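Using this note's numbering, the first residue of the first sequence is number 1, and each one after it goes up by one.
For each residue, glycine too, the CB sits at the ideal point set by N, CA and C.
No experiment lies behind these values; they were computed from the predicted model shown.
Reading through the structure tokens given below for one structure.
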Amino acid sequence: MPELPEVEIMRRYFNECALEKTIIQLDFLDELAKVYKSTPEVIEKSLIGQRFTETERIGKYLFARISTGQYLHLHFGMTGNLVLFQGDNLPKYARLVFHFESGEKLAFCDLRKFGVIEIVDNPQAYQKAAKIGDDFLTISLEYFKERLKKPTVAIKTSLLNQKLFAGIGNWIADEMLFEAGIHPLRISKDISEAELAKLYKAGQEIIAIAIAEDTHYGNFPADFFVNYRKIDALHPSHPNSPVERLVVGGRGTFIVPEKQFL
DNA sequence: TTATATGTTCGATA
DNA sequence: TTATCGAACATATA
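Right, dumping it as structure tokens:
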């Protein structure tokens, strides 16, 4: 689920179900401890008896401020999500459960365990240390173009590089490139200013719409490419150009050959 | 059985 | 040193 819009929706969900509730217990359910980048001991010490006071998001990285001033950092990997529940309705793949004084429980679920749970000082320090670029929704066209000047790799690879700007994931990258009519393998520094402007604008619009629709793909505009991201699908604007699949930077990539070519 | 999945990291290589 | 490539991670489903 988790690209920028999905994480933003998750942030709002977290706000609704977790803010200002005292944490009384934590259940660590990931036997392999893959998702705990801070030890369970550190996480417990930082959270028990405390509450979350606000949240921040940089790209796909979510931060919840703890009443002590520290932050809980959550990353949802490929399959992470949050589920509020009561009683013993423990959701599948729960890896960490927060118990609140109210009796409610919040589960961080993550089938594939590519997610991250850790305690950090603050979002800005984390961003700097991890060399993460600014959130895509906050950057200017100038910043976007500047960041794409150096790389000699495929444009899609750069779009997915969180160090350039943060928040673009696999389906949004394909959506942007389709919208702008750019082949994903084109070298970023060879792409014209006009095309980059188109790409930037497409990204801003796609993300805004995805958030406005609560990331429910079914409610997206009918011409959104994400609904046609499969081999041989026919996008209404190109009924004679079946969707093709290639691999770029190790990620499955879908294009409409009539609109995106080298 | 093989391929794929909305992400990131790390070791090898150029 | 720096940039790039590709495998690896853990699990489910088609």
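Nearest-angstrom Cα separation, counted from residue j out to residue i
| i | j | result |
| --- | --- | --- |
| proline 91 | alanine 194 | 47 angstroms |
| leucine 4 | threonine 138 | 12 angstroms |
| arginine 229 | leucine 177 | 12 angstroms |
| threonine 79 | arginine 95 | 12 angstroms |
| leucine 164 | lysine 145 | 10 angstroms |
| isoleucine 66 | glutamate 6 | 22 angstroms |
| aspartate 30 | serine 102 | 24 angstroms |
| arginine 51 | phenylalanine 28 | 18 angstroms |
| phenylalanine 100 | threonine 22 | 5 angstroms |
| glutamate 104 | phenylalanine 98 | 8 angstroms |
| glycine 69 | asparagine 81 | 24 angstroms |
| leucine 159 | isoleucine 168 | 6 angstroms |
| isoleucine 207 | tyrosine 93 | 28 angstroms |
| alanine 222 | serine 237 | 11 angstroms |
| serine 192 | alanine 173 | 18 angstroms |
| proline 2 | asparagine 240 | 32 angstroms |
| lysine 131 | alanine 166 | 10 angstroms |
| alanine 202 | alanine 129 | 30 angstroms |
Beta-carbon gap between residue i and residue j smaller than 7 angstroms
| i | j | result |
| --- | --- | --- |
| threonine 157 | glycine 249 | yes |
| alanine 284 | leucine 141 | Past the boundaries of the shown model lies residue 284; the chain is included only from 1 to 262, so the question cannot be answered. |
| arginine 11 | arginine 57 | yes |
| glycine 252 | glutamine 162 | no |
| leucine 199 | alanine 154 | no |
| phenylalanine 225 | glutamate 258 | no |
Endpoints, beta strand (DSSP E) assigned at residue i
| i | result |
| --- | --- |
| aspartate 214 | Note, aspartate 214: premise wrong, no beta strand (DSSP E); not H, not E. |
| glutamine 25 | 23–28 |
| arginine 112 | Per DSSP, arginine 112 belongs to no beta strand (DSSP E) and is neither H nor E. |
Cβ-based neighbour list, residue i, same chain, cut-off 7 angstroms, excluding 5 preceding and 5 following
| i | result |
| --- | --- |
| lysine 149 | Lys189 |
| serine 38 | Glu118, Ile119 |
| valine 35 | Arg95, Asp110, Lys113, Gly115, Val116, Ile117 |
| phenylalanine 85 | Pro91, Lys105, Ala107 |
| valine 247 | Thr253 |
| arginine 147 | Gly133, Leu164, Phe165 |
| threonine 152 | Ile187, Lys189 |
Residue(s) in a DSSP beta bridge with residue i
| i | result |
| --- | --- |
| tyrosine 71 | Arg65, Val120 |
| glutamate 56 | Phe63 |
| arginine 245 | Phe254 |
| lysine 105 | Phe85, His99 |
| alanine 268 | Since the first and last residues shown for the chain are 1 and 262, residue 268 lies out of range. |
| glycine 80 | Asp110 |
| alanine 166 | Asp135 |
| alanine 94 | Cys109 |
| tyrosine 36 | Ile117 |
Span of the alpha helix (DSSP H) around residue i
| i | result |
| --- | --- |
| leucine 234 | Premise fails: leucine 234 is in no alpha helix (DSSP H) and is neither H nor E. |
| phenylalanine 136 | It is not in any alpha helix (DSSP H) - phenylalanine 136 carries neither H nor E in the DSSP assignment. |
| lysine 45 | 40–47 |
| proline 5 | 4–18 |
| leucine 262 | Taken as a continuous stretch (DSSP letters only), leucine 262 belongs to no alpha helix (DSSP H), as it is neither H nor E. |
| asparagine 170 | 170–180 |
Residues near residue i by beta carbon distance below 8 angstroms, same chain, minus five either side
| i | result |
| --- | --- |
| isoleucine 9 | Ile211, Asp214, Thr215 |
| phenylalanine 63 | Thr55, Glu56, Arg57, Tyr71, Leu72, His73, Leu74, Val120, Asn122, Pro123, Tyr126 |
| glutamate 44 | Leu26 |
| phenylalanine 76 | Met1, Pro2, Glu6, Val7, Met10, Lys60, Leu62, Asp110, Gly115 |
| valine 83 | Pro91, Ala94, Leu106, Ala107, Cys109 |
Contacting residues, own chain, Cβ-Cβ under 6 angstroms from residue i (five flanking each side not counted)
| i | result |
| --- | --- |
| alanine 233 | Val243 |
| asparagine 170 | Arg251 |
| isoleucine 255 | Glu244 |
| leucine 47 | Ile23 |
| leucine 19 | Phe52 |
Any non-hydrogen atom of the ligand ZN within 6 angstroms of residue i CB
| i | result |
| --- | --- |
| arginine 112 | With respect to the ligand ZN, the structure offers nothing, as it holds no ligand at all. |
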